[in-house]
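Enquirer: Read left to right, the sequence shown gives residues 0 to 494 (numbering that gives the first Met the number 0).
Glycine included, every Cβ here is placed at the ideal spot set by N, Cα and C.
From a predicted model like this one, the values you see are computed outputs, not experimental measurements.
Next up is a structure, given as structure tokens.
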Amino acid sequence: MKAICFYFQIHQPFRLKHYRFFDIGNDHYYYDDFADDDIITRIAQRSYLPANQMLLDMIKENGKKFKVAFSISGTALEQLEQYVPEFIDSMKELAATGCVEFLSETYAHSLSSLYDPEEFVAQVKAHDQKIHQLFGQKPKVFRNTELIYDDDVAAMVQAMGFKAAITADAKHVLGWRSPNFLYNSASAPKLKLMLKNSKLSDDISFRFSNPEWASYPLTADKYIHWINELPQEEQLVNLFMNYDAFGELQPRESGIFEFMKALPRFAAECDIQFWTPSEVVSKFKPVAELAVPYPMSWTDEARDTSAWLGNTLQQEAVRKLYSIGERVRLCTDRRIKQDWNYLQASDHFFYMSTKHNDDGSVHSHYSPYDSPYTAFTNYMNVLSDFMTRVEEQYPASIDNEELNSLLLTIRNQEQEIEKLHREVEMMRNNIVKDTTGDFPVDEEPVKEPESEPVKEEKPAAKKPAAKKPAAKKPAAKKPAEKKPAAKKAAAKKAK
0 MKAICFYFQI
10 HQPFRLKHYR
20 FFDIGNDHYY
30 YDDFADDDII
40 TRIAQRSYLP
50 ANQMLLDMIK
60 ENGKKFKVAF
70 SISGTALEQL
80 EQYVPEFIDS
90 MKELAATGCV
100 EFLSETYAHS
110 LSSLYDPEEF
120 VAQVKAHDQK
130 IHQLFGQKPK
140 VFRNTELIYD
150 DDVAAMVQAM
160 GFKAAITADA
170 KHVLGWRSPN
180 FLYNSASAPK
190 LKLMLKNSKL
200 SDDISFRFSN
210 PEWASYPLTA
220 DKYIHWINEL
230 PQEEQLVNLF
240 MNYDAFGELQ
250 PRESGIFEFM
260 KALPRFAAEC
270 DIQFWTPSEV
280 VSKFKPVAEL
290 AVPYPMSWTD
300 EARDTSAWLG
310 NTLQQEAVRK
320 LYSIGERVRL
330 CTDRRIKQDW
340 NYLQASDHFF
350 YMSTKHNDDG
360 SVHSHYSPYD
370 SPYTAFTNYM
380 NVLSDFMTRV
390 EEQYPASIDN
400 EELNSLLLTI
410 RNQEQEIEKL
420 HREVEMMRNN
430 IVKDTTGDFP
440 VDEEPVKEPE
450 SEPVKEEKPA
460 AKKPAAKKPA
470 AKKPAAKKPA
480 EKKPAAKKAA
490 AKKAK
């Protein structure tokens, strides 16, 4: 028996206005709303909405045996709520079937996991709150922006309580091993890893309607046959793709919708089932640990992060952006917080790529700019204006290193105060026990000096008089100070 996991991702980057230097400081609204509305509405009408109806029909027609997972960024959900609210309604209907699982990810579809761990954790929490608010689910499986993953990311994801993560099947990491198994992280052993099968995923999302492809045309029975012919021990096939593959990348006229609808019938004949990620985690056991010392992703032939960080333009833009992260989190301006999310979208840096050959053609296809240099200039103009606004809200009177040191000191002091509060509370509880008679009566005189406040009432009373062995020198003191000695003598007689 084999299992197929379908994962669909949706993230809609915000289209920035074409800024010039003279605009800085005069106009703080950075987005081309007309372009955003046009793009997302067009894609939703051609792809998202009919694809949702297709999945709903497949679930009902197959007795809820067909299951899928979605990864939708928080910023994409914001745009869809604003421009295509009917999509949110149709997603709620899908969620109500119990056959759709929502994955966790960064709210802004950002690169924060590589540059700002605090921002990364905050975005994941914000995203999961948004998913719960809209669809009533609490994500249990994590997928990072563009499937970016390494051992450091694994440690953060496990610390946030996730059971598993899905990432790429990079050849330089897997080597001779197959992606069609469940693995676990070497740096976070409790975190299970599901790897995308790039070949079978791209057959649907990129090659389906290409008449020059050797396997064209692709039919449902042929596709299921490929999966069934995999070695018997390879029981898991993870298919991860952009949701706009249905109706946009692969137009309706190509037969992509009919292909999908036919998959469950042929899968049932081969005892191939469709599972959610959580079902995979609960039913399969990891076969080995996977160590990933350097970040990998699902993009480009290299399966690394060079699509967003491969040149000095991209690196400078990302470095500048995250250099103000701590100050942005201290700001209270709602618009600044919102712009901060939108400016982190990974696509802004994707447009700055200077790669060539096949990888470069993919980058230029998605970019709204005529060159990566234009993309960089436009983004940096916007970012400069944004940084000025942040400076006005929280002036950088000290440099970043000093600021970070100061904030760390403040956090440490807060932790120390909490510790002292706990100690005070424990002392109060002990006092309550003393006064309620939880201890033997003959121990009360011993504890009496510790809680006796009388010593602070008379400044003239010296410290030696408060100590137990100091009762040796009463004769050297004034006659008026003999009372403490008399009390101790009385205490001895009582014993």
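#1: Please classify tryptophan 175 as buried or exposed, where buried requires at least 16 other C-beta atoms within 10 Å of its C-beta.
#2: When we look at the beta-carbon of alanine 498 and count the other beta-carbons within 10 Å, is it buried (16 or more) or exposed?
#3: Quick check on DSSP: helix, strand or coil for tyrosine 495?
#4: Which whole-angstrom value is the C-beta distance of lysine 63 and cysteine 98, which I expect to be below 8 Å?
#5: Inspect the CB distances between the segment 249-258 and the segment 194-214 and report whether three or more fall short of 8 Å.
#6: One question on the structure: do serine 344 and proline 84 come within less than 7 Å of each other, judged by their Cβ atoms?
#7: So the beta strand (DSSP E) alanine 213 belongs to, where does it begin and stop?
#8: Using a Cβ cut-off of 7 Å (strictly closer), state whether proline 210 contacts chain C.
#9: How do the segment 257-268 and the segment 48-66 stand: do at least 3 beta-carbon pairs fall below 8 Å, yes or no?
#10: Just to confirm, is the Cβ distance from lysine 195 to alanine 153 under 7 Å?
#11: By how many angstroms is the C-alpha of phenylalanine 141 removed from the C-alpha of valine 236?
#12: For phenylalanine 205, which three-state DSSP category applies?
#13: Are the CB atoms of tryptophan 347 and tyrosine 368 nearer to each other than 7 Å?
#14: Does DSSP put phenylalanine 7 in a helix, a strand or coil?
#15: Please tell me whether alanine 68 and glutamate 100 are closer than 7 Å, where the distance is taken between their beta carbons.
#16: Just how far apart, CA to CA, sit glutamine 8 and methionine 426?
#17: Mark proline 292 as exposed unless 16 or more other C-beta atoms lie within 10 angstroms of its C-beta, in which case mark it buried.
#18: So, is valine 423 buried or exposed, given that buried needs 16 or more other C-beta atoms within 10 angstroms?
#19: Let me make sure I understand the geometry here. Which of Asn179, Glu211, Lys221 has the alpha-carbon closest to that of leucine 238?
#20: Let's test the definition: count the other Cβ atoms within 10 Å of the Cβ of aspartate 37 and tell me whether it reaches 16, buried, or not, exposed.
#21: Under the three-state reduction of DSSP, which class applies to methionine 426: helix, strand or coil?
#22: Return the CA-CA distance between lysine 137 and histidine 131, expressed in angstroms with no decimal places.
#23: Let me check understanding here. Comparing Cα to Cα, which of Met155, Ala94, Leu79, Met90 lies closest to glutamate 104?
#24: Tell me the DSSP bridge mates of lysine 191?
#25: If you compare alpha carbons, which of Ser370, Asp384, Tyr182, Leu342 is closest to valine 163?
#26: Between lysine 16 and aspartate 35, which are expected to be in contact by the criterion C-beta below 8 Å, what is the C-beta distance as a whole number of angstroms?
#27: Express the C-alpha separation of alanine 185 and leucine 342 in angstroms, rounding to a whole number.
#28: In three-state DSSP terms, what is valine 286?
#29: Can you tell me which of the three DSSP states valine 381 falls into?
#30: Less than 8 Å between the CB atoms is what I'm expecting for proline 285 and isoleucine 165, so what's the real figure, rounded?
#31: Could you please give me the residues that DSSP links to lysine 1 through a beta bridge?
#32: Can the beta-carbon of phenylalanine 385 be found less than 7 Å from the beta-carbon of aspartate 332?
#33: Between which residues of its own chain and phenylalanine 375 is the CB-CB distance below 7 Å, once the five residues before and five after are set aside?
#34: Quick one: what does DSSP say serine 345 is sitting in, helix, strand or coil?
#35: So for isoleucine 397, helix, strand or coil by DSSP?
Expert: Based on what the coordinates show:
#1: Flag for tryptophan 175 reads exposed.
#2: Lying before the first or after the last residue shown, residue 498 is absent from the chain, which here runs from 0 to 494.
#3: Residue numbering for the chain in the displayed model covers 0 to 494; residue 495 lies beyond these limits and cannot be assessed.
#4: Your pair lysine 63 and cysteine 98 checks out as a contact, with CB atoms roughly 5 Å apart and the cut at 8 Å.
#5: Flag = yes, the segment 249-258 and the segment 194-214 touch.
#6: In the sequence under discussion, the amino acid at residue 344 is alanine, which differs from the serine named in the question. 7 Å or more divides the Cβ of alanine 344 from the Cβ of proline 84.
#7: Here alanine 213 belongs to no beta strand (DSSP E), and DSSP marks it neither H nor E.
#8: Within the model displayed, chain C is absent; a lone protein chain is all it includes.
#9: Counting Cβ pairs under 8 Å, three or more are found: they touch.
#10: No, the pair does not count as a contact, with Cβ atoms beyond the cut-off.
#11: Using only the alpha carbons, I get a separation of about 17 Å.
#12: If DSSP states are grouped into helix, strand and coil, phenylalanine 205 belongs with coil.
#13: In the sequence on display, residue 347 carries histidine and not tryptophan. In this structure, tyrosine 368 does not lie closer than 7 Å to histidine 347 by Cβ.
#14: In the three-state reduction of the DSSP assignment, phenylalanine 7 falls in the strand class, which pools E and B.
#15: Against a cut-off of 7 Å, the Cβ pair of glutamate 100 and alanine 68 comes out as a contact.
#16: Going by the C-alpha atoms only, they are around 54 Å apart.
#17: By the Cβ neighbour-count rule, proline 292 is exposed, with fewer than 16 other Cβ atoms within 10 Å of its own.
#18: Exposed is the call here.
#19: Nearest of Asn179, Glu211, Lys221 to leucine 238, Cα basis: Asn179.
#20: Exposed, since its Cβ has fewer than 16 Cβ neighbours within 10 Å.
#21: Secondary structure of methionine 426 (DSSP, three-state): helix.
#22: Cα-Cα distance, rounded: 6 Å.
#23: For glutamate 104, the nearest C-alpha among the options comes from Met155.
#24: For lysine 191, which the question treats as bridged, DSSP gives the partners Ala163, Asn183.
#25: The question names valine, yet the displayed sequence has alanine at residue 163. Among Ser370, Asp384, Tyr182, Leu342, the Cα nearest to that of alanine 163 belongs to Tyr182.
#26: Wrong, their Cβ atoms sit about 11 Å apart, outside the cutoff.
#27: Looking at the two C-alpha atoms, the distance is approximately 33 Å.
#28: In the structure shown, valine 286 falls within a coil segment according to DSSP collapsed to helix, strand and coil.
#29: The three-state secondary structure of valine 381, taken from DSSP, is helix.
#30: So it is not a contact: roughly 14 Å between Cβ atoms.
#31: Under DSSP, lysine 1 shares a beta bridge with Ile271.
#32: No, they are not a contact pair.
#33: Annotation for phenylalanine 375: Leu312, Ala316, Met351 place their beta carbon closer than 7 Å to its own, counting only its chain and skipping 5 residues before and after.
#34: Under the three-state reduction of DSSP output, serine 345 falls in the coil class, being neither helix nor strand.
#35: Bear in mind that the predicted position of isoleucine 397 carries a pLDDT of just 47, short of 50, making it unreliable; the figure below should be weighed with that in mind. Of the three classes helix, strand and coil, the one that applies to isoleucine 397 here is coil, per DSSP.
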